[in-house]
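Data first, discussion second: the structure below is written as structure tokens.
Number of protein chains: 2
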Amino acid sequence: MLNEKFDRYSFILDQTAKKVKQFAQSSFTEKGFDITVDQWAVLKALYETEQLSQKDLARRCGKDQPTLTRIVDILLKKGLAERVIDETDRRSLYLHLTEEGKLKVASLSPIVAEIRMKAWEKLTEKDFEDFTRILNTIYNNLNV
Amino acid sequence: MLNEKFDRYSFILDQTAKKVKQFAQSSFTEKGFDITVDQWAVLKALYETEQLSQKDLARRCGKDQPTLTRIVDILLKKGLAERVIDETDRRSLYLHLTEEGKLKVASLSPIVAEIRMKAWEKLTEKDFEDFTRILNTIYNNLNV
DNA sequence: TAAATATATTTGTCATACTAAATATTTGTA
DNA sequence: TACAAATATTTAGTATGACAAATATATTTA
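Residue numbers (UniProt numbering), protein chains in the order written: chain A, 1 to 144; chain B, 1 to 144.
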């Protein structure tokens, strides 16, 4: 393959990832969700598996620990999640959603799914499969 | 298509874009380039088309104007670029590379292309075409 | 058991993304 | 021409991402 092409894919990839995030964020804002897209990712992960330590939650969300700490700080301030010290290992914290947090995830989930759907207009199941396969391959190629 | 799938693509897309950036950044750091990946994008755009206004440069790099202002500030401090007031429109600034900046882009370009290549191991020309087509379609679907 | 090592979290710093607002200048219009 | 609207850039504030270092606690090992 020609090198020239390759200098472009990273740009398109980056721009598209940004656009996906922007689109979701502006939908969130417009609908008054009062959370960021990244905060949503953390809330969703906590909803699906309660009682995660911050470390596990970070891995699950694809975020590093300092970033996660800060996002969780915000979720605490918003009353959506709680930190509980793990008495079996006092270095660790378990996180879980408050009732308000659970309600929020349950009520927003279908709307978020709708928002995410929009990206796939004019694309096929096969496109989706190719897309995820290629992304995973790239990820693994670079995951040294 | 099932909604459930769709909640995942944005995650994979985001993680892969991050990984591509991280891989490039750690290669840059390891090789002592002394610039960030985003600073590189701006330098490359300036190298390809000198005399861009900041506004045009921002569009070309896919960055917003405040972000670009700050990146350019850094490039000035590093002695790689210069701002020149456009006398025909004193609101505007033209940007161009210093000699040092030009040398930097010329010498790093082939190494950066190498770094970018790594992502495409085990993938085909057809994959590349599908990938860029799908990314562009998603971008346009969300570009309201 | 004491010291060294490992682990979970937090804090600090810098770079980037986005929004809104401020500033300077130009253009359009009454 | 004077004023309103538009444009280019910068500044400010908040959130996130990456990396290094600090802190507290656990585990391993001499």
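Glycine residues also receive a C-beta, built at the ideal position from the N, C-alpha and C atoms. Keep in mind it's a predicted model, so treat the numbers as computed, not measured.
List, in chain order, every chain A residue whose beta-carbon is nearer than 8 Å to that of residue 23 of chain B. Those within 8 Å of residue 23 of chain B in chain A are 142 and 144.
Anything in the region 33 to 56 of chain A with a Cβ closer than 9 Å to a Cβ of chain B? List those residues in chain order, please. 37, 41 and 44
Taking the beta strand (DSSP E) that residue 119 of chain A belongs to, which residues open and close that run? Premise fails: residue 119 of chain A is in no beta strand (DSSP E) and is neither H nor E.
Can you tell me the Cα-Cα spacing of residue 135 of chain A and residue 10 of chain B, whole angstroms? 11 Å
Beta carbon of residue 115 of chain B nearer than 9 Å to that of residue 78 of chain B: With respect to the 9 Å criterion, residue 115 of chain B and residue 78 of chain B are not classified as neighbours on the basis of their beta carbons.
Just mark residue 49 of chain A as buried or exposed, buried being the case when its beta carbon has 16 or more other beta carbons within 10 Å. exposed
Would you mind sorting residue 138 of chain B into buried or exposed? The rule is 16 or more other CB atoms within 10 Å of its CB. Around the beta carbon of residue 138 of chain B, 16 or more other beta carbons sit within 10 angstroms, so the residue counts as buried.
For the alpha helix (DSSP H) that contains residue 74 of chain A, what are its first and last residues? 65 to 77
Over what stretch of residues does the beta strand (DSSP E) that includes residue 42 of chain A continue unbroken? Counting along the chain, residue 42 of chain A falls outside any beta strand (DSSP E), though it belongs to the alpha helix (DSSP H) covering 37 to 48.
In whole angstroms, give me the CA-to-CA distance for residue 28 of chain B and residue 42 of chain B. Per the coordinates, the alpha-carbon of residue 28 of chain B lies some 15 Å from the alpha-carbon of residue 42 of chain B.
Looking at the structure shown, is residue 105 of chain B part of a helix, part of a strand, or coil, going by DSSP? helix
Name the DSSP bridge partner or partners of residue 84 of chain B? B:94
Would you say residue 65 of chain B faces chain A, with C-beta separation under 9 Å as the test? no
Note down the Cα distance separating residue 84 of chain A from residue 64 of chain B, rounded to an integer number of angstroms. 40 Å
Cβ closer than 9 Å: which chain A residues qualify as neighbours of residue 11 of chain B? 41, 61 and 62
Does any residue of chain A have a CB that is nearer than 9 Å to the CB of residue 131 of chain B? For residue 131 of chain B, the answer is yes, since a Cβ of chain A falls inside 9 Å of its Cβ.
Where residue 144 of chain B and residue 58 of chain B are concerned, what is the direct C-alpha to C-alpha distance, given to the nearest angstrom? 19 Å
Among residues of its own chain, excluding the 5 on either side of residue 47 of chain B, which ones have a beta-carbon nearer than 7 Å to its beta-carbon? 97, 102 and 105
In angstroms, rounded to a whole number, what distance separates the CA positions of residue 72 of chain B and residue 107 of chain B? 20 Å
Any C-beta of chain A sitting closer than 9 Å to the C-beta of residue 74 of chain B? no
Roughly how many angstroms separate the alpha carbons of residue 113 of chain B and residue 90 of chain B, rounded to a whole number? 37 Å
According to DSSP, what are the bridge partners of residue 53 of chain B? B:94
Should residue 147 of chain B and residue 68 of chain B be called a contact, given that it needs their Cβ atoms to be closer than 9 Å? Outside the shown range of chain B (1 to 144) lies residue 147 of chain B, about which nothing can therefore be said.
Does residue 91 of chain A have its Cβ less than 9 Å from a Cβ in chain B? So, not an interface residue.
Measuring CB to CB, does residue 7 of chain A end up less than 9 Å from residue 44 of chain B? yes
Starting from the Cα of residue 122 of chain A, find the closest Cα among B:14, B:100 and B:142 and give me that residue. Ranked by how close their Cα comes to the Cα of residue 122 of chain A, the residues B:14, B:100 and B:142 have B:142 in first place.
Mind pulling the chain A residues with CB within less than 7 Å of residue 137 of chain B? 122 and 123
Any beta carbon from chain B within less than 9 Å of residue 104 of chain A's own beta carbon? no
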